[in-house]
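To start, the structure under review is shown below, and the notes come after it.
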Amino acid sequence: MSRILVDQIRSNSASADALTLDGSGNVTFPANATCSGTATGFGGGKIKQYKYVQSSTTYQTTSTSFQDLSSPFSVAITPTSASNLLLCRLAVQINVYETSGVDANGVIAITDDGASSYLMEAEFRGYDYGGNGMYLNNPFCSEHVKVAGNTNARTYSLRMRMVTGDKILINNYSTSANRNSVLSVMEIEP
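According to this note's numbering, the stretch in the sequence shown is residues 8 to 197, in order.
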């Protein structure tokens, strides 16, 4: 087995080191590099802000119009730079059911502009070919990333609606110890 031991790496034609390693193995990139700063392992970029909300309360609707779940599922964030990334993550327990028909179908969505548009929509559907009713329990995780574009405050929030069936629920049919949904937003400096 071979090993290369270095403290600095520089191109033959460069006037400055491309990276430096400290005694702990942390890598430091120069300030003018694409990924400036210090990284442990593979790196680049850093988290500027991390905000989240979580709830174990059961929420439900029978409406086919989007219902506002911004209480409690809303996260307000003001980016520190227009060029930073905003990473939104959603982890929820979704249930849809139909007690006597064959089709249960519901949608959840994330918005950051008061529902003028949606960053992400996810459909949950179960179909029973026997016609005796339908119940679908589905853990769901998703994320959406975009460049902030400006430093204006914005609020990420959750909406849900039925398409067909009796109702759609979040945080239902599980023990309270296992029932927890989280909406989070990170600002990342690339």
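Positions of the beta carbon are idealized from the N, C-alpha and C atoms, including for glycine.
Owing to the predicted nature of the structure, the values given are computational and were not obtained by experimental measurement.
Shown here, F131 sits in a strand according to DSSP, grouped into three states.
Taken atom to atom, the span from the alpha-carbon of D75 to that of R168 is near 9 Å. Residue pairing for A83: DSSP places it in a beta bridge opposite T162. Judged by pairs of C-beta atoms under 8 Å, the stretch 75-92 touches the stretch 154-162, as three or more such pairs exist. Contact between A122 and F73 holds: their C-beta atoms lie close to 7 Å from each other, under 8 Å. Here I177 really is in contact with V99; their C-beta atoms are around 5 Å apart, less than 8 Å. Sixteen is the threshold: when 16 or more other Cβ atoms of the shown chains lie within 10 Å of the Cβ of M193, as they do, the residue is buried.
Around the beta-carbon of R166, 16 or more other beta-carbon atoms lie within 10 Å, marking it buried. Sequence-distant Cβ neighbours of A83 in its own chain, meaning closer than 7 Å and more than five residues away, are A160, T162.
With contacts defined as CB atoms closer than 9 Å, I54 and E196 qualify as a contacting pair. Residue burial is scored here from C-beta neighbours: D120 has fewer than 16 other C-beta atoms within 10 angstroms and is therefore classed as exposed.
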